[in-house]
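Reviewing the structure listed below.
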Amino acid sequence: MNNTIKEPIAKINPTNLEKHGDVRTDNYYWLNQREDQEVIAYIEEENKYYNDITAHTKDFQKDLFEEMKRRIKEDDTSVPYFNNGYWYITRFEKGKDYPIYSRKKGTLDAPEEIMFDCNELAKDQAYFQLGGLNISDDNKFAAFGVDTVSRREFTIQIKNLETGEIFPTKIEKTTGGSTWAADNKSLFYSRKDEQTLRADRIFKHTLGNDVAQDELIFNEKDETFSTYIYRSKSRKYLIIGSESTMTSEYQILQASNPDGKFNIFQKRSRGLEYSVSHYNDNFYIVTNKDKATNFKLMITPETATTKENWTDLIPHREDVLLEGIDIFKDYLVVSERFNGLSHIKIQPWQNTDQAYYLPFESETFTAYTTTNLDFDTEILRYGYQSMATPSSVIDFNMRTKEKTVKKEQEVLGGKFNKENYTEERVWATATDGTKIPISLVYKKDLKKDGTNPLLQYAYGSYGSTMEPYFSTVRLSLLDRGFIYAIAHIRGGEDLGREWYENGKLLKKKNTFTDYIDCSKFLINQKYTSPQHLYAEGGSAGGLLMGVVLNDAPELYNGVIAQVPFVDVVTTMLDDSIPLTTGEYDEWGNPNEKEYYDYMKSYSPYDNVKAQDYPNLYISTGFHDSQVQYWEPAKWIAKLRALRTNKNLLLLDTNMDAGHGGASGRFEALKEVAKEFAFLLDLEGIDK
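What the sequence shown shows, in UniProt numbering, is residues 1 to 687, in sequence order.
Rendered as C-alpha cells:
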C-alpha cells in the first residue's frame, strides 16, 4: 500500500458540550453542517484519499465485482404466490438492476400483466426504491411508495392497473406503507415528522380527492413511539399499531367501515408487548403479559379485546422464544427459537395433540415462514438455508407432510458445490461464564493452525437475531481461504428474550465483551490469529466495531465498519435527529445522569485514545437518516489525530446513498467488492 499519500487532516474547532456538570470537548462538531461547503470539501477530500490509497486494488475490485455478479442468476424469478384471484411474481431481467412486479389472473398460464417495471421508474435516478406495494380488494388499484433520496422517506402514488394510468396524486413524507379499506377507495397510510422522520400520524386518503383533504385519523404524540397501519390476514380488520422498544398498542376498525372510529384493542401499559392476529371470531395475541419473558400465545373473543379477557393457548416456556404465528383455516403454525436455532411447529386446530415440528438436520441453519396470504389452504410456504446451503423456498403440505422445493437459489459459475464447505457451531465462554454460540463456515480440509484469515461478523442490538444464512458473495472470501464467523452475542435475541435484555441499557457492555471473548476463543482454538483476524459490523454493529477498536485493538489486523453509530452520547442527546427519542429504551436516556455516565464510558468517539489501532475501512452514506454521515467523519478525524501507528484509516462516503447503501442489486455488489478488496489486500491476496 502507498503510505506516501497524504492523509486528510480535519481542522480542529473545539466545541464544549456540557451535561450534568460534565464538559466534553468535541474538536470536530462542526462537521455536522451538511450544507456547509467546507464540510463537503472535507468529505470529498476523504473520498479522494480513499480512492488514491486503494488505486492499486481498483482492477481487483472490478474482478471481484464481476466474479460475484457471475454467481447471480440475472434473469431470476420469484416463486409465484396466490392472492385474491391473482398470481403475483417478481422477476429480474438480464443486465438490469431493478425488479419487475407482475401478476397473472387465475392461472400461471394467463397473460402476464406488468404492474411496475422499476428499471423504467429508476431512470435518471442515482437511487431508487419501490416499497409498500399493495392492491385494492377489487384488484383494480395499486398503491406504492417511491424513495429517490435514500432517507427512507417515500412518496405514495396510486396506479390504475386496468388502464395503466398513474394518478397525479403524490402523498409525500410517508413510510411508503399503506393499506386499502374494503371499499376500494379509502387508502390509509402513515406519515413521518419532517425533522425526526418518526412515523407519527395515520391519514386516510379518498381516491380522487386532493391530498390536502386527507383526514388525520391518529396522531402518535409520544415521541418514543412510532405508528403504522395494516390489514389483518382475515381481511376483516384495519389495524393501527403503535410501538416503542418495550411497549405496544393496537387500534382496530372493521375494513368494511372505513369512516368509522378505531377502537383501542388494549391500552398501552409500559413494558406490555403484544401483537394481534384475527381468525374466525377471535383474536390471537403473542405477548409478554404476566412476565412471559419469552412470550406466549393467548386468545380472546373479538368482542372483548382488553387483557383481562385474554386466556393462555400456548403458555410461556423458559427455554423457548415464541417468535410469531401464521394462521390458516385448519392449522396454526408457530415459529419458535430454542438453543439458538429457529423451529417451525404445525398444530391442527381440531387435534392439537397431533402437533409436530418440521425436521431440520443441519448443525446451524435458519428456517422461516414466508408469504402465506392464502387463508384456506393446507400448504405452508417456508424458507430454509444454512451457511453452506443456498436458500430454498418450500411448499409443505401440512396434512400429508409432503414437501415440494419450489425453488433453490442457483449459484452460477459452475464452481460451487456445498459439499466443499464445512459449517459448524461452536461455543465461546464469555467473561461472566455465559456460553456464546458462533456459526462458522469454511472450505473443507482447512487446517486450524492459526494462519487462516477469519472475518468475524456481529450486530448485537435491538433484539435482532443474526441468522446463519447463505451468501453467494461470501464465497469470494471462502474460496480464497477465509473463515467466516457470525458471533451470536447478547443484545440480539438469538437465545431468547433474556439474551436481548442482557445486552441493552445498563447491560450493553455485555455485547462488546461477548464479541471480544468470541475473538479470543477463535484465536485460542487456532482458527486464526491476531495477524489474520478481521472484524465487521454495521450501524449498531458499527458501534460494536468502535468499542472493539478502543478496547481490544491488538486482536485484529483490520476492521470494517459500515454506517457506524459511534457518537452515542451526542446523538442520544439530540432529539431533533431521526430515531433518537425512540431509542431511549434501547440505550437509555442520557438526560438521566446514570445513563449519560454509562454511555460515555463506552461511546467509541468519546473513548478514542492514544494507542495503536488496526487498519480500518469505514463506509457511510451522505444522506443516511439512521446514522448521520458526520458520526463516522468525526470519528476518523479523531482517530487520525490520536492513533500512535500508521495503519490505514479509510472513510468512503457514498454521496448519493443513505443507510442501506446503493439501491441497484449490482451497485450494492460494488460496495461489497470494496470491502473484500480491503481485506484481501491486507492478506496479500491480489487475485
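The C-beta atom is built at its ideal place from N, Cα and C for all residues, glycine as well. The structure presented is a predicted model; accordingly, all values stated were derived computationally and were not measured.
Worksheet item: Sorted by chain position, which residues of the same chain lie with C-beta nearer than 7 Å to residue 435's C-beta, five sequence neighbours on each side aside?
Response: 427 and 429
Discussion item. Threshold first: 4 residues or longer. Then list the alpha helix (DSSP H) segments lying entirely within the stretch 84 to 143, N to C.
Written reply: 118 to 121
Discussion item. When you compare the stretch 62 to 76 with the stretch 407 to 416, are there three or more beta-carbon pairs, one atom per stretch, that lie closer than 8 Å?
Written reply: yes
Discussion item. Does the stretch 273 to 284 come into contact with the stretch 253 to 260, if we say contact requires no fewer than three beta-carbon pairs (one atom in each stretch) closer than 8 Å?
Written reply: no
Fill in: Distance, residue 134 Cα to residue 759 Cα
Past the edges of the chain, shown from 1 to 687, lies residue 759, and the structure says nothing about it.
Worksheet entry | residue 636, DSSP secondary structure in three states | helix
Worksheet item: What number of angstroms, rounded off, separates the C-alpha of residue 380 from the C-alpha of residue 372?
Response: 7 Å
Fill in: The alpha helix (DSSP H) enclosing residue 546, as first and last residue numbers
540 to 551
Worksheet item: Is it right to say residue 55 is buried, meaning 16 or more other beta carbons lie within 10 angstroms of its own, or is it exposed?
Response: exposed
Fill in: For residue 623 and residue 146, believed in contact at Cβ under 8 Å, the rounded distance
With a Cβ gap of about 15 Å, residue 146 and residue 623 do not count as contacting.
Worksheet item: Buried or exposed: which applies to residue 475, given that a residue is buried once 16 or more other Cβ atoms fall within 10 Å of its Cβ?
Response: buried
Worksheet item: residue 678: which of 264, 50 and 588 sits nearest, CA to CA?
Response: 50
Item to complete: State the Cα-Cα distance for the pair residue 16 and residue 593, rounded to the nearest angstrom.
Response: 18 Å
Discussion item. Looking at the secondary structure, which residues open and close the alpha helix (DSSP H) in which residue 572 lies?
Written reply: 568 to 572
Discussion item. Per DSSP, what are the beta-bridge partners of residue 532 in this structure?
Written reply: DSSP output for residue 532 lists no bridge partner at all.
Discussion item. Check whether the stretch 486 to 501 and the stretch 442 to 451 are in contact - that is, three or more C-beta pairs closer than 8 Å.
Written reply: no
Worksheet item: In or out: residue 5 buried (at least 16 other Cβ within 10 Å) or exposed?
Response: exposed
Worksheet item: Going by C-alpha distance, which of 131, 87 and 164 is nearest residue 153?
Response: 131
Practice prompt. Would you give the residue range spanned by the beta strand (DSSP E) that residue 180 belongs to?
Written response: 171 to 180
Worksheet item: Using CA coordinates, which residue listed in 643, 249, 224 and 232 is at the minimum distance from residue 576?
Response: 224
Worksheet entry | As assigned by DSSP and simplified to three states, the class of residue 427 | strand
Item to complete: Determine the direct distance from the alpha carbon of residue 337 to that of residue 47, and round the result to whole angstroms.
Response: 43 Å
Worksheet item: Given that a residue counts as buried once 16 or more other Cβ atoms are within 10 Å of its Cβ, and exposed if not, what is residue 271?
Response: exposed
Worksheet item: Of the choices 109, 160, 98 and 139, whose alpha-carbon is the least far from that of residue 121?
Response: 98
Worksheet item: By the 10 Å Cβ neighbour count, where 16 or more other Cβ atoms means buried, how is residue 347 classified, buried or exposed?
Response: buried
Fill in: For residue 505 and residue 245, the rounded distance between their alpha carbons
12 Å
Worksheet item: Is the stretch 456 to 469 touching the stretch 537 to 544, taking contact as three or more C-beta pairs under 8 Å?
Response: yes
Practice prompt. Under 8 Å by Cβ, that's how I've got residue 703 and residue 652 pegged, so tell me the actual separation to the nearest angstrom.
Written response: The requested residue 703 is not part of the displayed model; the chain covers only 1 to 687.
Worksheet item: Taking the alpha carbon of residue 425 as the point to measure from, which residue in 355, 362, 393 and 473 has its own alpha carbon closest?
Response: 362
Worksheet item: Near residue 162, what residues of its chain come up, given a Cβ to Cβ distance below 7 Å and the 5 sequence neighbours on each side ignored?
Response: 140
Practice prompt. Return the residue from the list 596, 233, 211 and 36 that minimises the CA-CA distance to residue 23.
Written response: 596
Fill in: Simplified DSSP state of residue 338, which is helix, strand or coil
strand
Fill in: Exposed unless 16 or more other CB atoms sit within 10 angstroms - verdict on residue 548
buried
Practice prompt. May I ask you to report which of helix, strand or coil DSSP gives residue 298?
Written response: strand
Discussion item. Between the alpha carbons of residue 345 and residue 632, how many angstroms are there, rounded?
Written reply: 44 Å
Worksheet item: For residue 58, which of helix, strand or coil comes out of DSSP?
Response: helix
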